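Residue numbers for the sequence shown follow the numbering used here, beginning at 1389 and rising by one.
No residue lacks a Cβ here, since even glycine has one placed at the ideal position from N, Cα and C.
Since this is a predicted model, take the numbers as computed values, not measurements.
Below is one structure, written out as structure tokens, with a few remarks after it.
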Amino acid sequence: MPISKAKAVKGLTRGPGVYVMRNGEQGVLYVGKARSLKARVSSYFNAPQESSRLRLMMNQVEAIEIQRTRTETEALLLECNLIKELRPKFNVLLRDDKSYPYLKVSTTERFPRLSFYRGSTKVEDRLFGPYANAGSVRLMLAQLQKVIPIRQCDNTTFRNRSRPCLQHQIGRCSAPCVGLVSVDEYAEDVKELMLLLEGKESEISSAFARKMEDAAATQDYESAARYRDRILALRKLQERQYVSSGQHDADVVLLTERSGSSVFSVMKIRSGHNLGSRHYSHRNPLEKDEEEVFEKLLMQHYQNHPVPQEIIILPGAANPHLLSDALG
């Protein structure tokens, strides 16, 4: 039998906390936080239940458990942890089973490889990212080849080559597999690649310009043309990726509503470069308050991913002080 309002609100205070709605058979139905537990729980019985999902849930609620907290920030953190642990049927859940992809430079190898990587970040090689999606990483791999000719082939292919591949013929690999570049020269290219991935494009551009001038001065016009092309490729890369946010890391987080669906979007900016966006769609969320939906999704997202130096949200989208306290 559904719980009555009198029983649900009995003994509730006007302080902050978390409420857990349960039924006898299916366990946890919903987890929510409140600035005022009494006002929030009462609202489920006072307001007309226009949402079919809300009516369906309230007809199943047989008990409401209360956990009081000292502050609303504590309530937000507890709510997030309980949602992750209990996976309630009626909560908006951020389904993010895949980890973010990275660019990896295999610095533990004699001739390091630049490659796509997804997995544990506890590796000896250098990782750059995270990128928002696989497409952003693959596009970056293609663009970087035009700037610095680091190998991208797998190790089996690398060890078994007897002559340069097509990538070398079009100037996108220096062919260390067949000894066309020395260890020291290749190491210099790797150093420049990592500076570029760290956001130090001006250093790389200046280095390329000096090398182009030196080559031209010795009438090595082929090398001069090669560095000219690298400078042009670097400029195109900068034009495509640059975001005016300084040189720090930031996420731009947005929630939009369309035809009964909510779309949660995260755009990643690292060292002033746009690394792409990831979008999560949710149909007919139980919560009608956009701020509440946004807070829940944002907290769930950063349970699984590093918190950047800055999180950019629209004015009024959420309580910035509450989120700042909760995310540290």
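**Q.** Contact check, E1467 vs V1511, beta carbons under 8 Å
**A.** Residue 1467 sits at position 79 when you count from the first residue of the sequence shown. Residue 1511 sits at position 123 when you count from the first residue of the sequence shown. At the C-beta level, E1467 and V1511 stay beyond 8 Å of one another.
Q. Roughly how far, in whole angstroms, is the beta-carbon of N1521 from the beta-carbon of G1664, given that I think they are within contact range, below 8 Å?
A. Here residue 1521 refers to the residue found at position 133 when the sequence shown is read from its first residue. Here residue 1664 refers to the residue found at position 276 when the sequence shown is read from its first residue. In this structure N1521 is in contact with G1664, their Cβ atoms being roughly 5 Å apart against a cut-off of 8 Å.
Q. If you compare alpha carbons, which of S1392, E1683 and S1712 is closest to I1471?
A. Translated into positions along the sequence shown, residue 1471 becomes position 83. Looking at the Cα atoms, E1683 is the closest of the given residues.
Q: Could you tell me whether the segment 1484-1503 touches the segment 1703-1714, using the rule of 3 or more Cβ pairs below 8 Å?
A: No, because fewer than three Cβ pairs between the segment 1484-1503 and the segment 1703-1714 fall closer than 8 Å, the two stretches do not touch.
**Q.** Ranges of the alpha helix (DSSP H) found wholly within the segment 1456-1492, counting only runs of at least 4
**A.** Segments of the alpha helix (DSSP H) lying fully in the segment 1456-1492: 1460-1474.
Q.
Can you look up A1706 in the DSSP assignment and give me helix, strand or coil?
A. Position 318 of the sequence shown holds residue 1706. Note: A1706 maps to coil in three-state DSSP.
Q) At what residue ranges does the segment 1395-1441 contain a whole run of the alpha helix (DSSP H), taking only runs of 4 or more? A) Entirely contained in the segment 1395-1441, the alpha helix (DSSP H) runs reaching 4 residues are, in chain order, 1425-1434.
Q.
Under DSSP, the beta strand (DSSP E) around R1549 begins and ends at which residues?
A. Translated into positions along the sequence shown, residue 1549 becomes position 161. That residue, R1549, is in no beta strand (DSSP E); it is neither H nor E in DSSP.
Q) Hey, quick one: how far does the beta strand (DSSP E) through I1700 stretch, first residue to last? A) Within the sequence shown, numbered from 1, the residue matching residue 1700 stands at position 312. Per DSSP, the unbroken beta strand (DSSP E) holding I1700 starts and ends at E1698 to I1700.
Q | Minimum C-alpha distance to R1514 - residue among L1585, C1553, L1554 and G1412 | A | Looking up residue 1514 in the sequence shown gives position 126. Among L1585, C1553, L1554 and G1412, the Cα nearest to that of R1514 belongs to L1585.
Q: Over the uninterrupted beta strand (DSSP E) stretch that includes Y1505, give me the two end residues.
A: In the sequence shown, the residue the question calls residue 1505 occupies position 117. Run containing Y1505: L1502 to Y1505, per the beta strand (DSSP E) assignment.
Q) Pick from Q1540, E1573, A1563 and C1541: whose alpha carbon is nearest that of R1551? A) To locate residue 1551, count along the sequence shown from 1; it is residue 163. Nearest C-alpha to R1551: A1563.
Q) Can A1638 and P1703 be called in contact, C-beta distance under 8 Å? A) Start at 1 with the first residue of the sequence shown, and residue 1638 comes out as number 250. Start at 1 with the first residue of the sequence shown, and residue 1703 comes out as number 315. Contact flag unset, no.
Q.
Going by C-alpha to C-alpha distance, which of N1411, R1666, G1403 and S1503 sits closest to A1530?
A. Indexing the sequence shown from 1 puts residue 1530 at position 142. The shortest C-alpha separation from A1530 is found at S1503.
Q: Would you please state the rounded distance, in angstroms, between the beta carbons of I1657 and L1622? I believe it to be under 8 Å.
A: By 1-based counting over the sequence shown, the position of residue 1657 is 269. By 1-based counting over the sequence shown, the position of residue 1622 is 234. Separation of the CB atoms of I1657 and L1622 is rounded to 19 Å, and the pair is thereby denied contact status at 8 Å.
Q. If you run the structure through DSSP and keep just helix, strand and coil, what is S1632?
A. As a working mapping, residue 1632 is identified with position 244 in the sequence shown. Note on S1632: pLDDT 46, under 50, position unreliable in the model; the coordinate value appears next. In the structure shown, S1632 adopts coil according to DSSP, grouped into three states.
Q | For G1717, the nearest candidate out of K1599, S1669, N1662 and Y1690 (CA to CA) | A | No statement about residue 1717 is possible, as the shown extent of the chain runs from 1389 to 1716 and does not include it.
Q. To which residues of the same chain is K1393 closer than 6 Å at the C-beta, ignoring the five residues directly before and after it?
A. For this step, residue 1393 is matched to residue 5 along the sequence shown. Same-chain partners within the cutoff: F1433.
Q.
Please report the straight-line C-alpha distance between Y1609 and L1620, rounded to a whole angstrom.
A. To locate residue 1609, count along the sequence shown from 1; it is residue 221. To locate residue 1620, count along the sequence shown from 1; it is residue 232. Approximately 16 Å, taken between the alpha carbons.
Q. Going straight from the alpha carbon of T1544 to that of Q1533, what length do you get?
A. For the purposes of this step, residue 1544 is taken as residue 156 along the sequence shown, with counting starting at 1. For the purposes of this step, residue 1533 is taken as residue 145 along the sequence shown, with counting starting at 1. Straight-line Cα distance between these residues: approximately 20 Å.
(Q) Restricting to Cα atoms, I'd like to know which of H1693, S1494 and V1397 is closest to R1382. (A) The structure shown does not extend to residue 1382, since the chain spans only 1389 to 1716, so no value can be given for it.
Q | Sub-8 Å separation of L1689 and V1654 beta-carbons | A | Taking the sequence shown and counting its residues from 1, one reaches residue 1689 at position 301. Taking the sequence shown and counting its residues from 1, one reaches residue 1654 at position 266. The question names Leu, but residue 1689 in the sequence shown is His. Yes, the pair counts as a contact, with Cβ atoms nearer than the cut-off.
Q: Sort out for me which residues DSSP pairs E1453 with in a bridge.
A: For the purposes of this step, residue 1453 is taken as residue 65 along the sequence shown, with counting starting at 1. DSSP output for E1453 lists V1408 as bridge partner(s).
(Q) Which same chain residues end up closer than 8 Å to T1606 when comparing Cβ atoms and leaving out the 5 residues on each side of it in sequence? (A) For the purposes of this step, residue 1606 is identified with residue 218 of the sequence shown, where counting begins at 1. Once the five neighbours on either side are set aside, T1606 has no close Cβ partner at all.
Q: Determine the burial state of E1460: buried for a count of at least 16 other Cβ atoms within 10 Å of its Cβ, exposed for fewer.
A: Numbered from 1 along the sequence shown, position 72 holds the residue referred to as residue 1460. Around the beta carbon of E1460, 16 or more other beta carbons lie within 10 angstroms, which makes this residue buried.
Q.
Tell me which residue opens and which closes the beta strand (DSSP E) that R1514 is part of.
A. Along the sequence shown, one-based indexing puts residue 1514 at 126. Following the DSSP letters along the chain, one finds R1514 inside the beta strand (DSSP E) bounded by residues R1514 to F1516.
Q) Closest to V1429 by CA distance: which of I1454, F1546 and R1443 is it? A) On the sequence shown, position 41 is the one that residue 1429 refers to. Among I1454, F1546 and R1443, the Cα nearest to that of V1429 is on I1454.
Q.
On the DSSP letters alone, give me the boundaries of the alpha helix (DSSP H) that K1534 sits inside.
A. Here residue 1534 is taken as the residue at index 146 of the sequence shown, counted from 1. Start and end: A1522 to V1535.
Q: Decide if T1457 is buried, meaning its Cβ has at least 16 other Cβ atoms within 10 Å, or exposed.
A: Mapped onto the sequence shown, residue 1457 falls at position 69. With 16 or more Cβ atoms within 10 Å of its Cβ, T1457 is classed as buried.
**Q.** Collapsed DSSP secondary structure at F1596 in the structure displayed
**A.** Here residue 1596 refers to the residue found at position 208 of the sequence shown. DSSP places F1596 in the helix class (H, G or I) of the three-state scheme.
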